[in-house]
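Going by full-length UniProt numbering, the sequence shown opens with residue 1, and the numbers climb by one from there.
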Amino acid sequence: MLPALDPVTALTSVVAGKVLNAIIWIILAMLRPRLAGPKLIVFGSLCGALGFWRIGMRGPDPSALYLLTDNTLVMTGILLLVAGYLELMRKRFSFRVLAACIGITVAGFAYGFDTTPENVAIRVHTVNLVALIVLIVISRAVAEDMLQPKLLRVTILIVMALHVLVLFVRSGAQFFKAPPQAQLLDDPVQAWMFLEWGLFFSLLNLFMLVTLVMQYAHSLTTSVEALEAEVAERRRLQEELSERLAAETTLREEQYQFVRLVSHELRTPLAVISRSAEMIALTLEEPAPSIRDRLAKIASAAAGLFGLIDRFLITERHQIIGPEIEMTAIDALLDDVRQHFVAVQQDGRLKISRDHAAIAAPFDRAMMVTVLTNLIDNGLKYSRAEETVSLSVSVLDGKLVFRVADKGIGIVETDSRKIGQRFYRGANTTDTAGVGIGLYSARKLIDYHAGTISLSDREGGGTIAEVRLPLAARPTPIQDPS
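Shown next, in the form of structure tokens:
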């Protein structure tokens, strides 16, 4: 036999517990505003507290509306609590289950008030049936939540099983009452049921708090693991980058040593040629003008090659190649180009237009001589012996434009994108000597000037090579000495 317990006192403890739970979850909702679960639990706890408070405040003869309001608040609180708990476990309250709970509640209360309003048994059975449904839903969600420790899940399931047992006891007790009571507050057994109800939901709230903490701990662990994986990946990439950098450094060192070797091997024969020309000039007392001119050209060509070696083959480690930009007369540049082909007796096939040559522009003179001689040499090499190559200069849209046009073999369409790559030669050039580096070198030198080289077919056959250099300022006209 249970000791006597005042139902109002039991209900007061239930209300106090639900209000305390609501306060706790309000704080959590403020700390984690993006979570919907704590907000639903707050509303559910407050609805339940209000419903149980109204039950404790019932008069001796409450109206059907009063009873309906009390029970509606209690049932709404239960459903909101369940929805909140499921949200915490990252699950949704099934709409079908919700509809079933509402349907059972409406049908049970309507039937009870319509047939035997003085009998609380039907209302008790209705509430217990709905509670049983939601307990099954929560139990299933807890059992499937593998993120929580097994001990915690088992403990929650045991508490729920005990509450289910109490529900059956509460419903079973209604069959042994004679006559049925119309007031729950007149039944001391219900007081213990209310007390158990409050204790159950307090424990369930505690378990949900632990569940939330465990979720945050798992999330933190997952984040740390992801961060560690990212750090490990970055370290791997750093090591890979270091290995590639070391390989690149080794390759550059090998390239440097090779360039030094080539530089030395080129300097030796050039020195012999230059010195031989000097000795011939000293040996001949009165050389013919043509011989004197040829010796001067040999000396000039050797000096030019020495300059190229010094600038482009890097005689000192870590030397930086760069253009020596200065204002240069276009006429002087064209003269240098012509002198190159005079020395190799090809000037007769070169036609230079000087219509816009009386200006000065900023560029590296030696580099531009190399670029233009490479382009002209290609035009001469891939044209018939009787054909000429033309060189013209103009200023267009703020750019200095050089055009080299020939009547040679042209460019095969399939080679148009590859022409100019290092060591690449067109499919129609196999009968002519070459290594495929002249145009590549010209492009690199023009890159130093932030310029461009483009190749196009010439109408009637042949190729047009166009060099465009940006002009930092307007071209400077050359003053007429006269």
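Where is the CB? At the ideal position from N, CA and C, for every residue including glycine.
- CA-to-CA, the gap between SER94 and GLU87 works out to about 12 Å.
- The closest CA to that of ARG338, considering only ALA361, PRO289, VAL389, is found on VAL389.
- Our two residues, ILE156 and LEU132, have alpha carbons roughly 15 Å apart in a direct line.
- Contact annotation: ALA10 and TRP192 have beta-carbon atoms nearer than 9 Å.
- THR211 is the residue among VAL127, ALA385, THR211 whose C-alpha sits nearest the C-alpha of LEU152.
- When DSSP states are grouped into helix, strand and coil, SER383 belongs to the coil group.
- Of the other Cβ atoms in all chains shown, fewer than 16 fall within 10 Å of the Cβ of LYS150; this residue is therefore exposed.
- The Cβ-Cβ distance between ASN128 and THR105 does not fall below 9 Å.
- Per DSSP, reduced to three states, the secondary structure at ILE446 is helical.
- In terms of Cβ geometry, ASP406 and ASN374 do not form a close pair [threshold 9 Å].
- Counting along the chain, PRO362 sits inside no alpha helix (DSSP H); it lies in the beta strand (DSSP E) bounded by residues 359-363.
- In terms of CA proximity to LEU471, PHE363 leads the group PHE363, GLU196, LEU261.
- If you look at PRO470, you'll find it in the beta strand (DSSP E) that goes 463-470.
- In the DSSP assignment, ASP457 falls within the unbroken beta strand (DSSP E) covering 452-457.
- Note on the stretch 148-227: whole alpha helix (DSSP H) runs with a minimum of 4 residues are 150-173, in chain order.
- Under the DSSP assignment, ILE138 falls outside any beta strand (DSSP E), being part of the alpha helix (DSSP H) whose first and last residues are 121-144.
- Remark: C-beta atoms of LEU469 and LYS399 approach each other more closely than 9 Å.
- The closest CA to that of THR69, considering only CYS47, ARG90, ALA83, is found on CYS47.
- Excluding sequence positions up to five before and after MET160, its CB lies within less than 6 Å of the CB of LEU135, SER139, all in the same chain and listed in chain order.
- Straight across, the Cα-Cα distance linking SER300 with GLU243 is about 46 Å.
- If you ignore the 5 residues before and after ASP457, its C-beta comes within less than 7 Å of the C-beta of GLY410, ILE411, THR463, all in its own chain and listed in chain order.
- In the DSSP assignment, the residues bridged to THR328 are ALA361.
- In the three-state reduction of the DSSP assignment, ILE352 falls in the strand class, which pools E and B.
- Residues of the same chain with a CB within less than 8 Å of the CB of ARG92, apart from the 5 flanking positions on each side, are LEU86 in chain order.
- Collapsing the DSSP output to three states places PHE113 in a helix.
- Rounded to the nearest angstrom, the gap between the Cα atoms of GLY461 and GLN345 is 25 Å.
- Counting along the chain, ALA64 sits inside no beta strand (DSSP E); it lies in the alpha helix (DSSP H) bounded by residues 64-88.
- Comparing alpha-carbon positions, the option among SER383, ALA360, GLU324, VAL142 lying closest to ARG349 turns out to be SER383.
- Residue state for SER242 is assigned as helix, using DSSP reduced to three classes.
- Residues of the same chain with a CB within less than 7 Å of the CB of GLU386, apart from the 5 flanking positions on each side, do not exist.
- According to DSSP, ARG403 shares a beta bridge with SER392, GLU466.
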